[in-house]
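**Q** Take a look at this one; I'll ask things after.
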Amino acid sequence: MEYLPMGGSIKMIDESLKLAYGEDSEFINDKRIAAVQALSGTGACRLFADFQRRFLPDSQIYIPTPTWSNHHNIWRDAQVPQRTFTYYHPESRGLDFAGLMDDIKNAPNGSFFLLHACAHNPTGVDPTEEQWREISYQFKVKNHFPFFDMAYQGFASGDPERDAKAIRIFLEDGHQIGCAQSYAKNMGLYGQRAGCLSILCEDEMQAVAVKSQLQQIARPMYSNPPVHGSLVVSIILNDPELKSLWLKEVKGMADRIIGMRKALKENLEQLGSPLSWDHITNQIGMFCYSGMTPEQVDRLTNEYHIYMTRNGRISMAGVTTGNVAYLANAIHEMFA
Ligand code: PMP
Numbered sequence: 001m002e003y004l005p006m007g008g009s010i011k012m013i014d015e016s017l018k019l020a021y022g023e024d025s026e027f028i029n030d031k032r033i034a035a036v037q038a039l040s041g042t043g044a045c046r047l048f049a050d051f052q053r054r055f056l057p058d059s060q061i062y063i064p065t066p067t068w069s070n071h072h073n074i075w076r077d078a079q080v081p082q083r084t085f086t087y088y089h090p091e092s093r094g095l096d097f098a099g100l101m102d103d104i105k106n107a108p109n110g111s112f113f114l115l116h117a118c119a120h121n122p123t124g125v126d127p128t129e130e131q132w133r134e135i136s137y138q139f140k141v142k143n144h145f146p147f148f149d150m151a152y153q154g155f156a157s158g159d160p161e162r163d164a165k166a167i168r169i170f171l172e173d174g175h176q177i178g179c180a181q182s183y184a185k186n187m188g189l190y191g192q193r194a195g196c197l198s199i200l201c202e203d204e205m206q207a208v209a210v211k212s213q214l215q216q217i218a219r220p221m222y223s224n225p226p227v228h229g230s231l232v233v234s235i236i237l238n239d240p241e242l243k244s245l246w247l248k249e250v251k252g253m254a255d256r257i258i259g260m261r262k263a264l265k266e267n268l269e270q271l272g273s274p275l276s277w278d279h280i281t282n283q284i285g286m287f288c289y290s291g292m293t294p295e296q297v298d299r300l301t302n303e304y305h306i307y308m309t310r311n312g313r314i315s316m317a318g319v320t321t322g323n324v325a326y327l328a329n330a331i332h333e334m335f336a
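In the UniProt record's numbering, the protein residues as written are 1 to 336.
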């Protein structure tokens, strides 16, 4: 249980970069990525926000509406002004692509945007590959900087490679990007606080400088990151046998959630619900943004002891073959 260096475990960082940027990434080979181990995804976001504040004090961050609520707290406490951009379309319970593109176009050139790399929290709504390409193109036109929060790599499709597609599209298009990675969900390392912050720089020299500055920010904040979780990550990802076992387990988790989405939708349809429940299976990742109101959520809690956040977000990980019928029935009652 020795100390790690300020920037964390080099082995863990190397493996994390391969997961996000690709096994044979030219950017890894060219040493263009400044990366440090971070206190899981939250710590990675906070470190980036502090970096942004220190070196670009006049910059802002554009955050999707809605988003994981802690994003607002993180950039607020780092004293980076926030703007929001359109993301979710309440009527279709899908992506408001036109609104999103408008907001990207209308933001001042060179703005910072926070993007969920996959399995958007809380909505479960991700752009399609084609839409990501259009977003990336427009970012290029506007010279915006994309910061990807990737807290659920593997949880959307079951394949971490596929879930990194948005990032890979931006890389292909020649963007410099930032990326926050978390092993909380995809390795179940929640409390171990295992994560990584990376910033793709212009060249190796800049990457060395940026990494050094990230370490300067980390040092007075927490000195160095925790060792145990990073060992679990680097040992698993560095060993082909353990890695393939992990990939199988991630796929098992994601497939089970996808199966529960189908089961919930089918149960609601079998109950004769006249409403459309397509969004349950169209959305992806751990969460289903059900569209239920806070009042309906309160009723589910009080009358059925079913618990979810008051924005109507169901954690699909909590749905099982044993409780899906009970859940469907209760939801059906809310619309009776
Ligand atoms: N980003 C998003 C979108 C999340 O949903 C979460 C976890 N709820 C995180 C970051 C960070 O989680 P952690 O700090 O545990 O990795």
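For glycine and all other residues, C-beta sits at the position ideal for the given N, C-alpha and C.
Which first and last residues belong to the alpha helix (DSSP H) in which I281 is found?
**A** The identity of residue 281 in the sequence shown is Thr, whereas the question assumes Ile. Element bounds for T281: 278-282.
**Q** With DSSP run on the structure shown, which of helix, strand or coil describes Q192?
**A** Helix.
**Q** Would G7 and Q270 qualify as a contact pair, given that the criterion is a beta-carbon distance under 7 Å?
**A** Contact: no.
**Q** Does Q82 come out as helix, strand or coil in the three-state DSSP assignment?
**A** Strand, per DSSP.
**Q** Which same chain residues, not among the five before or five after A184, have their C-beta less than 6 Å away from its C-beta?
**A** Counting only Cβ-Cβ distances below 6 Å, and skipping sequence neighbours, we find S40, Y190.
**Q** Going by beta-carbon coordinates alone, are K140 and D173 separated by less than 7 Å?
**A** The answer is yes: Cβ separation under 7 Å.
**Q** Could you name the residues, in chain order, whose CB is less than 5 Å away from a heavy atom belonging to ligand 1?
**A** Qualifying residues, in the order they occur: S40, G41, T42, W68, N121, D149, A151, S182, A184.
**Q** For G124 versus Y289, is the C-beta spacing smaller than 7 Å?
**A** For G124 and Y289, yes; Cβs fall inside 7 Å.
**Q** Considering just the uninterrupted stretch of the beta strand (DSSP E) at G178, what are its terminal residues?
**A** It spans 178-182 - the beta strand (DSSP E) in which G178 sits, taken as one unbroken run.
**Q** What do you reckon, are the CB atoms on L197 and A330 nearer than 7 Å?
**A** No, Cβ-Cβ distance for L197 and A330 is not below 7 Å.
**Q** What is the DSSP secondary structure of L245, reduced to helix, strand or coil?
**A** Helix.
**Q** Which of helix, strand or coil does DSSP assign to Q296?
**A** Three-state result, Q296: helix.
**Q** May I ask you to verify whether the segment 309-319 touches the segment 260-275, counting CB pairs closer than 8 Å and requiring at least 3?
**A** A contact exists between the segment 309-319 and the segment 260-275.
**Q** For P226, which residues in the same chain have their Cβ closer than 7 Å to its Cβ, ignoring the five residues on either side in sequence?
**A** Cβ within range, chain order: Q192, R193.
**Q** For the beta strand (DSSP E) that contains P160, what are its first and last residues?
**A** Here P160 belongs to no beta strand (DSSP E); instead the alpha helix (DSSP H) covers 160-163.
**Q** The beta strand (DSSP E) that contains Y222, what's its start and end?
**A** No beta strand (DSSP E) holds Y222; the alpha helix (DSSP H) holding it covers 204-222.
**Q** Mind the definition here: the segment 222-236 touches the segment 289-309 only if three or more C-beta pairs lie below 8 Å; say whether that holds.
**A** Output reads no: the segment 289-309 does not touch the segment 222-236.
**Q** Which residues in the same chain have their Cβ closer than 6 Å to the Cβ of H120, if we skip the five residues on either side of it in sequence?
**A** Answer for H120: D126, listed in chain order.
**Q** For the structure I just gave you, are there three or more beta carbon pairs, one from the segment 25-37 and one from the segment 54-67, closer than 8 Å?
**A** No, they do not touch.
**Q** If I'm right that D50 touches A78 with Cβ under 8 Å, what's the distance once you round it to whole angstroms?
**A** Right, their Cβ atoms sit about 5 Å apart.
**Q** In angstroms with no decimal places, state the Cα-to-Cα distance between Y21 and A336.
**A** Their backbone Cα atoms lie some 48 Å apart in a straight line.
**Q** Applying the 10 Å Cβ sphere with the 16-neighbour rule, what's the burial state of T320?
**A** Exposed, since its Cβ has fewer than 16 Cβ neighbours within 10 Å.
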